[in-house]
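S.K.: I have a structure here, written as structure tokens, and I will follow up with some questions on it.
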Amino acid sequence: MEIKLFINGEFKNSSHHTLKTSYDPSNGLEVAKYHVPSVKDVDDAVSAAHTAFYHSEWKSMSQEARADILLKISEKIKERSREIVELEIKDSGSTMRKAKADVHNTASFFKVMSKVARELKLHEKDEAASRAGFSINSREFSPIGVCAQIIPWNFPLVMAGWKIGPILATGCTTVLKTAEETPASAYILAEILKDSGVPAGVVNIITGGADVGRALISHPLIRKVAFTGSTEVGKEILKSVAPHVLKATMELGGKSANIVLNDADLSLAVDGALYAFLYHSGQACDSGTRLLIQDEIYPAFMEKFLSRIKDVKPTLTSDPNAGMGPVVSEKQLNTIMSFIEKTKQEEATLLCGGSRVTTGELKNGFFIEPTAFLISPKNTIFHEEVFGPVVGITKFKTIEEAITLANDSKYGLAGAVWTNDNEKAHMIASQLEAGTVWINEYHLLNPGMPFGGFKQSGIGREMGPEGIMSYLEVRHVWESDCNERSKKMWFDAIF
Ligand code: NAD
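If you want the working numbering, it's the 1-based position in the sequence shown plus 292.
Shown next, in the form of structure tokens:
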């Protein structure tokens, strides 16, 4: 497969003829060659987005027409779901179950965005602020303009959808940069966008590394940056956009606390805790990687946990029943293994796992055993995001202690509580410094609700009305309701 640049509605070769390869993390085999954009290609992509925003029918297109396009995209994703699932498995190391869920969720997201676009009110009179005989005050919303959007490799299709959906719903234009590890599904999405009637230049898609990302965000025609990735890179991006006072939304890292109370349903909490940190081999930003367990339930919980974790086996992603696949790359594997080795050397107890799988049919892939340590806040992995199948378990006595432990983090993306006491659950949820809190649940998201982080987990939100608003500028329009000169409030102010 050859992945070209999608610029101004056309699939193009890189102008400096540079191609790189993406690999299947399950077996190291080549998946695709992708064209790496030059600075000129980045400039062409941004210029196309700029022209589409200022000099095409896109800006004046009705919300109904935008909604129809979004619905078509949703339907075409469903039509091509088998092909996308196959590609996503190879390109990103997703299991078939995850890839199917990703495709389904992305199609649903575009459908929801279609409804949002249809119902979006771009002009609203504020009755409470207006005063009869004096003023009619209203809000007018305008698309923010040309956006630079950068996504990571863990949920390539979903992340591309979360970025492109609001662009189309609000009338912005974009250059989306996918991660170099996972260029494939966004390429199919580009074909779908073209087939669904997205006008040329409205969405441009390129793939590349940090240098391409830097060239994109520093382009003078960009009006907003929407970034999903690590907190470290997020900080670098914020520094570089500050001189231009660019609007920026940041979806960054996490170290989410998963709290199990004494009165929790034991079986549910154990399975929930495993799902929370092992889904997609722990490569989800909201993974429950700090497992906080109350002292009375701890022995029974751990007995069940250590027996149940054996049922989650690293498996080739070509096996449709695989529950856990590889991590995305050798680089990511090395990062995770160095966190594991560091924790082994710190004051911590290895409870299970802790090694790379190097045997049998998994030997050419990047597989790591599900790993659990008993840790305290003194340990590095209590604070640092590992982004792999590794959990740190910490015991606590009181609910106050659990809340303090949970909030002892620079991150604040998500968290969860497992308990049969609903009142206690909501009290804890209200105390957690986290953008999403689940009660007896994990990882589930709702496109109608905001997703994003407190503290260093981000700035702004994706999805929900909050996500849409971040692509709109608001204008206050003051209309006088009194056109008699002598009754104007300012009549005697300067004359
Ligand atoms: P990363 O920060 O290394 O890279 C993310 C993207 O930024 C990639 O496309 C990369 O090419 C690009 N990039 C890297 N350096 C750049 C620079 N200096 N300027 C511009 N672009 C640059 O992250 P990753 O390893 O790809 O992804 C894992 C991280 O993403 C984790 O920290 C995870 O928590 C986070 N994440 C967050 C969310 C969320 O919604 N909060 C969702 C998914 C992943």
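Glycine included, each C-beta is placed from N, C-alpha and C at the ideal position.
According to the neighbour-count rule (16 or more other Cβ atoms, all chains shown, within 10 Å of its Cβ), is A507 buried or exposed?
M.R.: Taking the first residue of the sequence shown as 1, we reach residue 507 at position 215. Result: buried.
S.K.: Let me check you understand the geometry: is the CB of S749 closer than 7 Å to at least one non-hydrogen atom of the ligand NAD?
M.R.: In the sequence shown, counting from the first residue as 1, residue 749 sits at position 457. The answer is yes for S749.
S.K.: Considering only DSSP beta bridges, list what F804 is partnered with.
M.R.: The chain is shown only over 293 to 787; residue 804 falls outside these bounds and no answer can be derived.
S.K.: From Y703, M353, A424, pick the residue whose C-alpha is nearest to that of N775; which is it?
M.R.: Counted from its first residue, the sequence shown places residue 775 at position 483. Considering only alpha carbons, the answer is A424.
S.K.: Would you say the stretch 519-528 touches the stretch 548-562, given that touching needs at least three Cβ pairs under 8 Å?
M.R.: Because the criterion of three Cβ pairs below 8 Å is not met, the stretch 519-528 and the stretch 548-562 do not touch.
S.K.: Assign W454 to one of two classes, buried (16 or more other C-beta atoms within 10 Å of its C-beta) or exposed (fewer than that).
M.R.: Residue mapping note: residue 454 aligns to position 162 of the sequence shown, counting from 1. Per the 10 Å Cβ criterion, buried.
S.K.: Any heavy atom of the ligand NAD closer than 7 Å to the CB of A337?
M.R.: To locate residue 337, count along the sequence shown from 1; it is residue 45. Checking the Cβ of A337 against the ligand NAD gives no.
S.K.: Could you check whether the Cβ of S559 sits closer than 7 Å to any heavy atom belonging to the ligand NAD?
M.R.: Translated into positions along the sequence shown, residue 559 becomes position 267. No, the ligand NAD has no heavy atom inside 7 Å of this Cβ.
S.K.: In its own chain, which residues sit with a C-beta less than 8 Å from the C-beta of E322, not counting the 5 before and 5 after it?
M.R.: Translated into the one-based positions of the sequence shown, residue 322 becomes position 30. So the list reads T313, S314, Y315, D316, once near-sequence residues are dropped.
S.K.: Put L736 into one of helix, strand or coil per three-state DSSP.
M.R.: Indexing the sequence shown from 1 puts residue 736 at position 444. Note: L736 maps to coil in three-state DSSP.
S.K.: Three-state secondary structure (DSSP) at K325?
M.R.: By one-based count along the sequence shown, residue 325 stands at place 33. K325: strand per DSSP, three-state reduction.
S.K.: Here's a check: name, in chain order, each residue in its chain whose Cβ is nearer than 6 Å to the Cβ of A324, leaving out the five neighbours to either side.
M.R.: Walking along the sequence shown from the start, residue 324 turns up at place 32. Around A324: M293, I295, S314, A476.
S.K.: Have a look at A471 and Y326 and give me their C-alpha separation to the nearest angstrom.
M.R.: Locating residue 471 in the sequence shown gives position 179, counting from the first residue. Locating residue 326 in the sequence shown gives position 34, counting from the first residue. The alpha-carbon atoms of A471 and Y326 are separated by roughly 11 Å.
S.K.: What do you get for S352, buried or exposed, if any count of 16 or more other CB atoms within 10 angstroms of its CB means buried?
M.R.: Residue 352 sits at position 60 when you count from the first residue of the sequence shown. Label assigned to S352: exposed.
S.K.: Are K747 and E771 close, meaning C-beta to C-beta below 8 Å?
M.R.: The count along the sequence shown starts at 1 and reaches residue 747 at position 455. The count along the sequence shown starts at 1 and reaches residue 771 at position 479. Against a cut-off of 8 Å, the Cβ pair of E771 and K747 comes out as no contact.
S.K.: Do F533 and V517 have their C-beta atoms within less than 8 Å of each other?
M.R.: Taking the first residue of the sequence shown as position 1, residue 533 is located at position 241. Taking the first residue of the sequence shown as position 1, residue 517 is located at position 225. Note on identity: in this sequence residue 533 is Val, with Phe being the wrong assignment. Their beta carbons are under 8 Å apart, which means V533 touches V517 by this criterion.
S.K.: Is it the case that the Cβ atoms of L584 and A478 are separated by a distance below 8 Å?
M.R.: Reading the sequence shown from its first residue, position 292 is the one you call residue 584. Reading the sequence shown from its first residue, position 186 is the one you call residue 478. Against a cut-off of 8 Å, the Cβ pair of A478 and L584 comes out as no contact.
S.K.: Identify every residue that forms a DSSP beta bridge with R600.
M.R.: The residue you call residue 600 lines up with position 308 of the sequence shown. For R600, which the question treats as bridged, DSSP gives no partner whatsoever.
S.K.: So, for I509: in the same chain, excluding its five sequence neighbours on each side, which residues have a beta-carbon less than 7 Å away from its beta-carbon?
M.R.: Within the sequence shown, residue 509 is the residue found at index 217, counting from 1. Hits under 7 Å: A440, V517, I529, S532, V533.
S.K.: From the DSSP output, which residues share a beta bridge with M542?
M.R.: Mapped onto the sequence shown, residue 542 falls at position 250. According to DSSP, which records beta bridges pairwise, M542 is partnered with F519, I751.
S.K.: Taking all protein chains shown into account, decide if V769 is buried (16 or more other Cβ within 10 angstroms of its Cβ) or exposed.
M.R.: Residue 769 sits at position 477 when you count from the first residue of the sequence shown. Result: exposed.
S.K.: Nearest-angstrom Cα distance between V495 and G301?
M.R.: Here the question's residue 495 lines up with position 203 in the sequence shown. Here the question's residue 301 lines up with position 9 in the sequence shown. The straight-line gap from Cα to Cα measures roughly 8 Å.
S.K.: Compare the beta carbon distance of D633 and T672 with 8 Å and say whether it is the shorter of the two.
M.R.: For the purposes of this step, residue 633 is identified with residue 341 of the sequence shown, where counting begins at 1. For the purposes of this step, residue 672 is identified with residue 380 of the sequence shown, where counting begins at 1. Sequence check: residue 633 is Glu here, not Asp. Contact: no.
S.K.: Mind listing, in chain order, the continuous beta strand (DSSP E) runs of no fewer than 3 residues lying wholly within the stretch 447-480?
M.R.: As far as the stretch 447-480 is concerned, its whole beta strand (DSSP E) runs of at least 3 residues are 465-470.
S.K.: For the ligand NAD, is there a heavy atom less than 7 Å away from the beta-carbon of P444?
M.R.: As a working note, residue 444 is residue 152 in the sequence shown. For the ligand NAD, at least one heavy atom lies less than 7 Å from the Cβ of P444.
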